[in-house]
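The numbering used here puts the first residue of the sequence shown at 5, with every later residue one more than the last.
What follows is a set of notes on a single structure, which appears directly below.
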Amino acid sequence: RIDHLVNNAAIFGDMELAGLTNVDYDYLNRFMSVNLMGALHCTRSVMRPMHRGGGGSIVNQSSTAAWMGISGFYGLAKAGLNFLTTSLAHELGHRNIRINAVAPGPTDTAAMNRQVPVEFQDPLVNSLAIKRLGTPDDHVGPVLFLLSDEAGWMTGQIVAVDGGQVTRL
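The following block contains the structure:
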């Protein structure tokens, strides 16, 4: 029996700095395979057993980059993941399977620290309503809530967990 799935695989590479106009198609295919198609493949693999068990909940790990128009392939893949989340919510709802996403903002991780030099982190923090980078622990509660029965009438939602970053859009 499968009750819950969290799709949390992602890559963020150096090609991001080149932007979308300098496309290396092999890299783009690999990038989209992990950041977008991985969630679809995992969801497809659990939907039948989840349905047979009476339903369940799926949470995709998106990003505020999907709304910001930045981060090249990463933002593109996460925007696709948001679309996938809302589309699958309509497709799977009749099977009592809910699917939502969390969209983390700037989070203090090794991956972010590799991509965003320290000298750019202070202006980033100052642009947030809550004046600090997020931590991985900041994302646990929203994910657990979306997986829980307390979110039983939520599906197709993209929840920003971002210290107020998207309030500036």
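Just so it is clear, CB atoms sit at the ideal spot from N, CA and C, and this is done for glycine as well.
Three or more beta-carbon pairs under 8 Å between the segment 128-142 and the segment 106-114, yes or no? Yes, since at least three Cβ pairs between the segment 128-142 and the segment 106-114 fall closer than 8 Å, the two stretches touch.
With respect to the alpha helix (DSSP H) encompassing LEU40, which residues constitute its N-terminal and C-terminal limits? Note, LEU40: premise wrong, no alpha helix (DSSP H); not H, not E.
What residues match up with ALA107 in a beta bridge as DSSP calls it? DSSP lists ALA164 as the bridge partner or partners of ALA107.
Residues in the same chain with beta-carbon distance under 8 Å from THR113, minus the five sequence neighbours each way, listed in chain order, please. The beta carbon of THR113 is closer than 8 Å to those of PRO140 in its chain, skipping five residues each way along the sequence.
Taking the alpha-carbon of PHE16 as reference, which of ASN39, LEU24, ILE6, ARG48 has the nearest alpha-carbon? A check of alpha carbon separations from PHE16 across ASN39, LEU24, ILE6, ARG48 identifies ASN39 as the nearest.
Identity of the residue in ASP7, ASN11, GLY156 nearest VAL63 by Cα: Taking VAL63 as reference, the option from ASP7, ASN11, GLY156 with the minimal CA-CA separation is ASN11.
CYS46 to THR25, Cα distance in whole Å? C-alpha separation (whole angstroms): 30 Å.
Grab the span of the beta strand (DSSP E) containing ASN26 for me, first residue to last. ASN26 -> no beta strand (DSSP E), and no H or E assigned at all.
Cβ-based neighbour list, ASP153, same chain, cut-off 6 Å, excluding 5 preceding and 5 following: Closer than 6 Å at Cβ, skipping near neighbours: no residue.
Quick one: give me the first and last residue of the beta strand (DSSP E) that VAL63 is part of. Note, VAL63: beta strand (DSSP E), 60-65.
So which of ALA70, ASP142, ARG52, ALA115 has the shortest CA-CA distance to LEU9? Residue ARG52 holds the alpha-carbon nearest to the alpha-carbon of LEU9 among ALA70, ASP142, ARG52, ALA115.
Rounded C-alpha distance that separates ARG172 from VAL50: Rounded to the nearest angstrom, the two C-alpha atoms are 37 Å apart.
Going by the DSSP bridge assignment, what does HIS8 pair with across the sheet? HIS8 has SER61 as its beta-bridge partners, per DSSP.
Output the distance between the C-alpha atoms of LEU32 and GLY79, rounded to the nearest integer angstrom. Distance between the alpha carbons of LEU32 and GLY79 is about 12 Å.
With distances taken between CB atoms, is the gap from PRO6 to GLY57 smaller than 9 Å? Looking at the sequence provided, one finds Ile at residue 6 rather than Pro. For ILE6 and GLY57, yes; Cβs fall inside 9 Å.
Are VAL170 and HIS143 close, meaning C-beta to C-beta below 9 Å? No, Cβ-Cβ distance for VAL170 and HIS143 is not below 9 Å.
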